[in-house]
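Below is one structure, written out as structure tokens, with a few remarks after it.
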Amino acid sequence: MALESRQLSLNTATVRERWNLAQAIEGCQRHGIGGISPWRDKVAELGLQESARRIRAAGLTVTGLCRGGLFPAPDAAGRQAAIDDNLRAVEEAAELGAACLVLVVGGLPAGSKDIAAARAMVQDGIAAILPAARAAGVPIAIEPLHPMYAADRACVNTIDQALDLCDALGAGVGVAVDVYHTWWDPNLERAIARAGAERILAFHICDWLVPTTDLLLDRGMPGDGVIDIPRIRGMVERAGFKGLHEVEIFSAGNWWKRDPDEVLAICTERHRTVC
């Protein structure tokens, strides 16, 4: 059965270079896209309350707020600053009615080679914001990133690692499954089943290009790379996930240069035909 555009959510990173948040909201309406996942800088530009008002008026589901995290730091002051910023992010997510606050947890502090210590800082940081997140009704979605980002962006690199944190932290914490970061994992199907419906908080789609010319900014449109997106979608749906499919494409050399209306038209067509 072909997927409908209402089952698609736009992560605003996909059009970030050409559109502000107001334009992205209007673009979703024009293309029949059912959801949006804004980045905090775009929300700040428009204003939090105005962003929430416009999203509600457009009838869009907020599949997530990007992003919190980045907890590891070389000193206590840096770690507290990260916690304070994440507490603000929780408040923003609550105001927007976001389904979750997505965390890119952070890598090694400057000068460190101790990845175990970095992971402990991540757990401590999430624990520090969790009471506020629970009180606000904002689930925390840990997004494991591909191991190539372990040093600088995320020292949590598999769904199983993220779920171990969920087990330790308790209710209110789950995972964001991004096909770009997880497609390679030989334990992927088992890990997704382990997560289950309650802990799969978001599902992100794009594609892995071969060759990849930039480790951060060369993601592909679904269908242009090597990821078997329908297979992974089947995994998350069998696990009980019923949410929207969030397209998130970082593409400095291609998609960010194009007319965003063209990008959204291709996103909806690929979502229907290849996802």
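Each step along the sequence shown adds one to the number in UniProt numbering, with nothing skipped, and position 117 is 117. Note that the Cβ used here is the ideal one computed from N, Cα and C, for glycine as well.
Between residue 244 and the set 12, 37, 29, the nearest pair of CA atoms involves 37.
Counting only unbroken stretches of 4 or more residues, the alpha helix (DSSP H) elements lying wholly within the stretch 13 to 97 are 21 to 31, 40 to 46, 48 to 58, 76 to 96, in sequence order.
Our two residues, residue 166 and residue 44, have alpha carbons roughly 29 angstroms apart in a direct line.
Only residues of its own chain outside the window of five on either side were considered, and among them 215 have a CB closer than 8 angstroms to the CB of residue 148, listed in chain order. When the Cα atoms are used, residue 188 and residue 157 turn out to be separated by approximately 12 angstroms. Listed as beta-bridge partners of residue 178 by DSSP are 204. Under the DSSP assignment, residue 245 falls in the beta strand (DSSP E) whose first and last residues are 245 to 247.
Taking all protein chains in view, the Cβ of residue 88 is surrounded by fewer than 16 other Cβ atoms within 10 Å, so the residue is classified as exposed. From the listed residues 248, 90, 190, the smallest Cα separation to residue 238 is found for 190. As summarised for the stretch 96 to 176, the continuous beta strand (DSSP E) elements at least 3 residues long and confined to that stretch are 101 to 104, 140 to 142, given in chain order. Just so you know, the alpha carbons of residue 143 and residue 252 end up roughly 22 angstroms apart. Three or more Cβ pairs closer than 8 angstroms define a contact, and the stretch 61 to 71 meets that threshold against the stretch 95 to 102. When the Cα atoms are used, residue 241 and residue 3 turn out to be separated by approximately 15 angstroms. Within the model, the alpha-carbon separation for residue 126 versus residue 163 is close to 13 angstroms. Residue 228 sits in coil when the DSSP states are folded into three classes, being neither helix nor strand. By the CB criterion at 8 angstroms, residue 266 and residue 179 fall outside the cutoff.
Take the alpha-carbon of residue 261 and the one of residue 113: they are about 44 angstroms apart. Using a Cβ-Cβ distance cut-off of 8 angstroms, the stretch 190 to 202 and the stretch 222 to 229 are not in contact, since fewer than three pairs of beta carbons, one from each stretch, lie closer than that value.
Note on residue 184: under 16 other CB atoms within 10 angstroms of its CB, so exposed under the neighbour-count rule.
Bounds of any alpha helix (DSSP H) do not take in residue 10; it lies within the beta strand (DSSP E) bounded by 8 to 11. Ranked by Cα distance from residue 118, the options 160, 71, 93 are led by 71.
Per DSSP, the beta-bridge partners of residue 218 are 251. Boundaries of the alpha helix (DSSP H) harbouring residue 267: 260 to 274, taken from the DSSP string.
In this structure, 246 is the residue among 174, 246, 136 with its C-alpha nearest to the C-alpha of residue 206.
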